[in-house]
Amino acid sequence: MPEGPSILLMKEDLLPFVGKTVTEAGGNAQFDKEPLMGQTLHEIRTFGKQTYLVFDESAIRIHLLMFGSYGIDEQTKPDKSLRLSLFFKKGSLYFYTCSVKSVDLEFLDTIDWEADIMSDLWNPKKAEKKMKSKPEMMVCDALMNQDIFSGVGNIIKNEVLFRIGVQPESLVGNLPAKKLKELIAEARNYSFDFLEWKREFVLKKKWLVHSKKVCPKCGEKLVKKQTGLGKRRSFYCEKDQKLY
Ligand SMILES: [Zn+2]
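According to the UniProt record's numbering, numbering within the sequence shown proceeds without interruption in unit steps and concludes at 244.
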């Protein structure tokens, strides 16, 4: 599943269409596309793994889910995968195998933009408060909680916990105050490293534990286990990551 940094790269690709007016809209997403015609794309906003195309009267929310993708100026996948196509006077956009919904502009005001790990509005203090209100939560679930760390996915979770030496099943309430702050800071730091590495096509090479077998620090075998309520794959070193 694409994580927040990948969505930011998608935003960069879509930015040239801002200011342009839709001449035609299609695709098999279940909503009326007719009203989009004649509307101007004003802004592209991202929130975690979601992208909002903001038009005059409504916005389109796109979530790439597990296998979603997008294309520009050329339809490269069959009609049955095409959820939304947008044509402009010059150029076109295609969104495949993803969730596409039309939302009211008012809906955008209900989003807690400060919870977006990649945003300029990111508010670490707020994240800390939210975490402290859930002391029984495992840190692996906390990092994947999109209300707290919108945009963080499984790769970021695994790498951040290795960086700070915390075992994924540790309880939030047991983390020393300093570790808690470190976790929040590294979630953002790693997300920006992820963005740069992805841009340079070296992301996978930079993984230290995610999908790996051996700890790069001590050489011991890594544990691979589905952890937390979310039952997502965790990779960790029992020696270098402490269970709190
Ligand atoms: Zn180790």
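All C-beta atoms in this analysis are idealised placements derived from N, C-alpha and C, irrespective of residue type, glycine included.
{"Query": "With DSSP run on the structure shown, which of helix, strand or coil describes L108?", "Result": "helix"}
{"Query": "The beta strand (DSSP E) spanning V223 covers which residue range?", "Result": "V223 to T227"}
{"Query": "As a quick check of your reading: which residues have a C-beta less than 6 Å from at least one non-hydrogen atom of ligand 1, in chain order?", "Result": "C215, K217, C218, E220, C237, K239 and D240"}
{"Query": "Leaving aside the five residues before and after E57 along the sequence, list all residues of the same chain whose C-beta is less than 8 Å from its C-beta, in chain order.", "Result": "P35, Q39 and L105"}
{"Query": "Which runs of the alpha helix (DSSP H) at least 4 residues long sit entirely within the region 162-232? Give them in chain order.", "Result": "177-199 and 203-206"}
{"Query": "Is it right to say D120 is buried, meaning 16 or more other beta carbons lie within 10 angstroms of its own, or is it exposed?", "Result": "exposed"}
{"Query": "Tell me whether V152 sits in a helix, a strand or coil according to DSSP, three-state version.", "Result": "coil"}
{"Query": "Exposed or buried, A127, counting other C-beta atoms within 10 Å across all chains shown (16 or more means buried)?", "Result": "buried"}
{"Query": "Tell me the rounded alpha-carbon separation between L180 and V166.", "Result": "10 Å"}
{"Query": "By DSSP, does M10 sit in helix, in strand, or in coil?", "Result": "helix"}
{"Query": "Please report how far the alpha carbon of R233 lies from the alpha carbon of S211, in whole angstroms.", "Result": "9 Å"}
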